[in-house]
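Chains as they are written, first to last, in our numbering: chain S, 10 to 306; chain C, 10 to 306; chain V, 10 to 306; chain A, 10 to 306.
We treat Cβ as the ideally placed atom computed from N, Cα and C, and that holds for glycine.
4 protein chains.
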Amino acid sequence: TLQHLFKQIFKASLEIQEDDHRKALLVSRKKHPEDTLVSINNVKVGDGRQRLIAGPCSVESYEQVEAVAKTLKQEGIKFLRGGAFKPRTSPYDFQGLGEEGLKILKDVAKKYDLSVISEIVNPKDIEMALDYVDVIQIGARNMQNFELLKAAGSVDKPVLLKRGLSATIEEFINAAEYIHAGGNGNIMLCERGIRTYEKATRNTLDISAVPILKQETHLPVWVDVTHSTGRRDLLLPTAKAALAIGADGVMAEVHPDPAVALSDSAQQMDIPQFQNFVSSLVESGLYKREEEVVNQK
Amino acid sequence: TLQHLFKQIFKASLEIQEDDHRKALLVSRKKHPEDTLVSINNVKVGDGRQRLIAGPCSVESYEQVEAVAKTLKQEGIKFLRGGAFKPRTSPYDFQGLGEEGLKILKDVAKKYDLSVISEIVNPKDIEMALDYVDVIQIGARNMQNFELLKAAGSVDKPVLLKRGLSATIEEFINAAEYIHAGGNGNIMLCERGIRTYEKATRNTLDISAVPILKQETHLPVWVDVTHSTGRRDLLLPTAKAALAIGADGVMAEVHPDPAVALSDSAQQMDIPQFQNFVSSLVESGLYKREEEVVNQK
Amino acid sequence: TLQHLFKQIFKASLEIQEDDHRKALLVSRKKHPEDTLVSINNVKVGDGRQRLIAGPCSVESYEQVEAVAKTLKQEGIKFLRGGAFKPRTSPYDFQGLGEEGLKILKDVAKKYDLSVISEIVNPKDIEMALDYVDVIQIGARNMQNFELLKAAGSVDKPVLLKRGLSATIEEFINAAEYIHAGGNGNIMLCERGIRTYEKATRNTLDISAVPILKQETHLPVWVDVTHSTGRRDLLLPTAKAALAIGADGVMAEVHPDPAVALSDSAQQMDIPQFQNFVSSLVESGLYKREEEVVNQK
Amino acid sequence: TLQHLFKQIFKASLEIQEDDHRKALLVSRKKHPEDTLVSINNVKVGDGRQRLIAGPCSVESYEQVEAVAKTLKQEGIKFLRGGAFKPRTSPYDFQGLGEEGLKILKDVAKKYDLSVISEIVNPKDIEMALDYVDVIQIGARNMQNFELLKAAGSVDKPVLLKRGLSATIEEFINAAEYIHAGGNGNIMLCERGIRTYEKATRNTLDISAVPILKQETHLPVWVDVTHSTGRRDLLLPTAKAALAIGADGVMAEVHPDPAVALSDSAQQMDIPQFQNFVSSLVESGLYKREEEVVNQK
């Protein structure tokens, strides 16, 4: 029938259009079928080994960062995160130590042979940050701060792009495209929960986003279990889910003394909790320690 | 200071109230710390072994159901699902075979030694269903159909309660309480995705709900990967996540010929796809086949 | 170009399909371009005059209902609402007086020459309700309780169908179609807020739904300002918005003593507040009292 | 009872804390009970007269802007909006004319005695913009671009702050506080729809946000009917709702030839449609033209 014929043409046209559109994106797997490996101080994220990023929500002092870094070193973890520029809902909340915080991260990371990931929030600070960080993080609230994306696209430094608070996957991919279109293809994506009506968790971890992003793009995909759940008791189970579903790694917040943390005090692990978190992941069979650490333990 | 004192009292009061409330619920872990095992024809759901439920969205014919049941038997799966009463958005969509569908399920299940799970949608049909099903399913659209919950609470038959389209976890737990309060404590919960703004998936699988429900209640928790994602290509990765996070089992839809299915044609697996799904879960190390099947394979 | 041609065919096919679908629905304006007037004891809802429905959340006693009814009479309002069967999140909350509550409503309404609107929650109670109510209400939690919709479609009594907690407009229209397809075309729709991430209000009033429902269907459309906002202080402004945007009427809850109400105590108006609510609507020019009342005042 | 006493203390403590918090905010009505009037070239927004802002989504040419400006002048409208820096989902969509676009707006506005409202997206452009615009707009995607808010707070120019795509009202108020805390109290808020599951409209207009923002803050509140609905057929009804509920004004997009617009072609009005929009608002009694225009018509 004519009706049926129309439907067939309709579907065919739809697929052609969608294909064309996706093919056009530099970050799409259609454009570039092989996985992109993002190299950070000789560690290649996306190579099949699943990794961890950890560190305090905010950089508060050299001692605080060092306490965490020492633990990361012992656990064989290579990536240290910490916030120096903090986007906070209220102007009266702690706004971060700024460049001073980046300096602390760099000094500690050098001592413990770690790579630094830290968020930059102003396009004008991207250049400055190159001196301190190994990975520029662009946070959820800035996922569609296109000026910042363009600035990050203009430099030669890996970028960790977090999904916006209520960004669709399509918008997330397009945000990554802003960075790639600017010339910087070293992009990693990070699912960090989306805003829904459910209030049992701070956000709702959209775990399905991981396989979708892996299919649609050729970029490594991380899961931030701290911000997706906002609950310390859910970090371990959601990390297992993230590793099982195929994320390239998991990010979590650790603080030597969460009770006095200047931000996110309710959801950061303390150091023994973090050590237990790593051990539990190892025991579950879903996570493997680096070999040198295995030999020591 | 006075301010501080108030805050302390505030927090203490809050905790007391919340504790009291949760303690009062029959389904809460505070009331009953041990896991509830739901016994279905000698299989004990909740005993630590993770299981699968599978079957077609709608019962269409004896032959269709048998084709699936035969496969389940071969794979060592004990639970056959199929819809006889179908709650459909439009009155002009296929509404299910009704009691005739339940009869088909029962006959096929008997032949292949399986247990039947099927949805009931009208309180007056609960009694009739006892003759046919081993587990009464209450679907997402009826999670707050309190008359149906009360009817299910008045009989002595296991109930699989699915989370509502946009139910909070608290509402979900209270819906289960309606069944328990009626006298029927054989309740299993099923996360099946929630409604959000994201349209890449049919619903958003709220994977964190699994550990929360396990903590807050003593009931077994399933994950329906078919309805949470609505995408055949996401069934395997989300099933892995569900098993890794600690669900008691995974539910998925299988149809001998999805292209001609009377409902959900885009998201059901065909039989070879389902066999591959089970094998892949086994290979991942996250799922174990029943022993008798292992011996044969 | 071929690409362009495809796009044109695509759009044409899409429109044909959508048109066909909507044309098929009995409730759609394409099927029936004229407004449906729903006649309730000689009052014709949908005739251009905007009306009010008011009454307590739950029927608690004859005296309680009478206090409200007397006020309605004085204000020239024709519709008395009150809940006798209450769908409540917890089984331990007040569940309503049941048939006894319907009897109270009928007796009071007769004395004050009002029409009764009350919610029915079990398909088996629809027949019984015919003796007591002038309008059967189907509540938000039951919008996709298709058995209840079918039962309401099988009788000859006006139905007020409330939008589900997180129903799309398309699902809402299809739910109405279930009633019409059963043979009962006397349907009124009621927007009552949808579930979103925003917590400043109990739900988010989707005010745009009113003109969309008026365009897509030929049915009268009400706005329930009490449940959409859950805040007494927002009843008046949202009622103004509802009247300005073209709703056929506004529903609000009134209780002689909200502080001791058995449900919804935080959001019901007391009698002086309700009188002030009506006066303020009249003063705004958006609402007109019935003539007989104007003559007396 | 002890339980009851705790509840009383609990409530009292809660209120004290909330009061204290709100009192602290410079934008809160508790801090400053009188309405703030924002003066823009001698027009005082917030003085009780409800106003319109109109103009094209993107500035495309002098002629295009002039065609709209001429119409605004005839209709007695004082505020011309137009986008020169366009935050677009895809990097391959039209990004705006930049400073050249601002220059066009300024030249046309001068000729027709209008005030210019235009969005700025990079903190470094705020100073430059002072030469061209009368009101700096901060768009939805930048509502939590705190560096941009701080930059806007450091200058002496009115700011129109749009609510974020899925910002809570509390976050919206805190974003305004960033501007005020920087020293600039000339802030106007703009509700523009929030992201929900409903897809009949581009966003869901949260009409209740208007009275809440008027209660909680002392700032003028606008409603952008174009972006909230994304549908030309809903602009008039939602504008009526916005005026009825007490917004200080309504913003809408107008383009001389929407079919060829470089952005938002599906939702802009053409000039005759806009003239009809204004006339219909006047006829509804909800909007009053400026006196000089009334005299001429």
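Contact list for residue i against chain V, beta-carbon separation under 8 Å
i, result
"serine 99 of chain C", "Asn183, Glu186"
Nearest-angstrom beta carbon gap, residue j and residue i [assumed within contact, 8 Å]
i, j, result
"alanine 253 of chain C", "alanine 253 of chain S", "3 Å"
"serine 127 of chain C", "glycine 91 of chain C", "6 Å"
"threonine 226 of chain C", "valine 68 of chain C", "No, threonine 226 of chain C and valine 68 of chain C are not in contact; Cβ-Cβ is about 30 Å, not under 8 Å."
"glutamate 108 of chain C", "methionine 137 of chain C", "7 Å"
"histidine 264 of chain A", "aspartate 279 of chain A", "7 Å"
"alanine 184 of chain S", "leucine 158 of chain S", "6 Å"
Closer than 7 Å to chain C by CB, residue i
i, result
"asparagine 154 of chain V", "yes"
"glutamate 200 of chain V", "no"
"asparagine 193 of chain V", "no"
"glutamate 109 of chain V", "no"
"histidine 209 of chain S", "For the sequence presented, residue 209 of chain S should be read as alanine rather than histidine. Closer than 7 Å to some Cβ of chain C, the Cβ of alanine 209 of chain S qualifies, so yes."
CA-to-CA distance, residue j to residue i, given in whole angstroms
i, j, result
"serine 175 of chain C", "arginine 204 of chain V", "8 Å"
"lysine 40 of chain A", "lysine 223 of chain A", "14 Å"
"leucine 139 of chain S", "glycine 148 of chain S", "17 Å"
"asparagine 195 of chain V", "valine 168 of chain V", "6 Å"
"glutamate 179 of chain C", "leucine 34 of chain C", "11 Å"
"glutamate 156 of chain S", "alanine 209 of chain S", "34 Å"
"valine 130 of chain S", "leucine 228 of chain S", "22 Å"
"alanine 251 of chain C", "isoleucine 221 of chain A", "41 Å"
"lysine 171 of chain V", "proline 267 of chain V", "23 Å"
"aspartate 56 of chain A", "glutamate 43 of chain A", "11 Å"
"alanine 248 of chain V", "valine 232 of chain V", "8 Å"
"tyrosine 141 of chain S", "aspartate 273 of chain A", "41 Å"
Chain A within 7 Å of residue i, Cβ atoms only
i, result
"glutamate 72 of chain S", "no"
"proline 246 of chain V", "yes"
"valine 130 of chain S", "yes"
"alanine 253 of chain V", "yes"
Closer than 7 Å at the beta carbon, the chain S residues around residue i
i, result
"arginine 204 of chain V", "Tyr206"
Proximal residues of chain A, C-beta to C-beta of residue i below 7 Å
i, result
"glutamate 136 of chain S", "Correct list: empty, because the minimum Cβ distance to chain A is about 13 Å."
"proline 96 of chain S", "Gln153, Phe155"
7 Å Cβ cutoff, residue i in contact with chain V
i, result
"threonine 310 of chain A", "Residue 310 of chain A lies beyond the residue range present for chain A, which begins at 10 and ends at 306; the question has no answer from this structure."
"alanine 275 of chain C", "no"
"threonine 238 of chain A", "yes"
"isoleucine 178 of chain A", "yes"
"alanine 93 of chain C", "no"
Chain-ordered neighbours of residue i on chain V, where CB pairs are closer than 7 Å
i, result
"leucine 89 of chain A", "Ordered by position in chain V, no residue passes the 7 Å Cβ test against leucine 89 of chain A, which lies about 26 Å from the chain."
Proximity test, Cβ basis, 7 Å: residue i and chain S
i, result
"glutamate 43 of chain A", "no"
"alanine 250 of chain A", "no"
Beta-carbon neighbours of residue i, restricted to chain A and to distances below 8 Å
i, result
"serine 175 of chain S", "Leu174, Ser175, Arg204"
Chain-ordered chain S contacts of residue i [CB-CB under 8 Å]
i, result
"lysine 112 of chain A", "Those within 8 Å of lysine 112 of chain A in chain S number zero; the least Cβ separation is about 20 Å."
"lysine 133 of chain A", "Pro132, Lys133"
Within chain C, partners of residue i - CB distance below 8 Å
i, result
"threonine 243 of chain S", "It should be noted that the sequence gives leucine, not threonine, for residue 243 of chain S. Ordered by position in chain C, the residues that pass the 8 Å Cβ test against leucine 243 of chain S are Ser217, Pro220, Ile221."
Partners in chain V for residue i, counting only beta-carbon separations shorter than 9 Å
i, result
"lysine 171 of chain A", "Chain V residues near lysine 171 of chain A: none, gap ~16 Å exceeds 9 Å."
Proximal chain S residues relative to residue i, where beta-carbon distance stays under 9 Å
i, result
"arginine 150 of chain A", "Met152, Gln153, Asn154, Phe155, Gly173"
Partners in chain C for residue i, counting only beta-carbon separations shorter than 7 Å
i, result
"glycine 294 of chain S", "Gly294"
"alanine 190 of chain V", "Pro100"
**Message:** Measuring CB atoms only, is the region 208–217 of chain A touching the region 211–220 of chain V, in the sense that at least three cross pairs come out at less than 8 Å?
**Reply:** yes
**Request:** Assess, as a yes-or-no matter, whether the region 85–105 of chain A is touched by the region 47–67 of chain A under the definition of 3 or more beta carbon pairs within less than 8 Å.
**Result:** yes
**Three CB pairs or more closer than 8 Å across the region 61–79 of chain V and the region 110–122 of chain V** = yes
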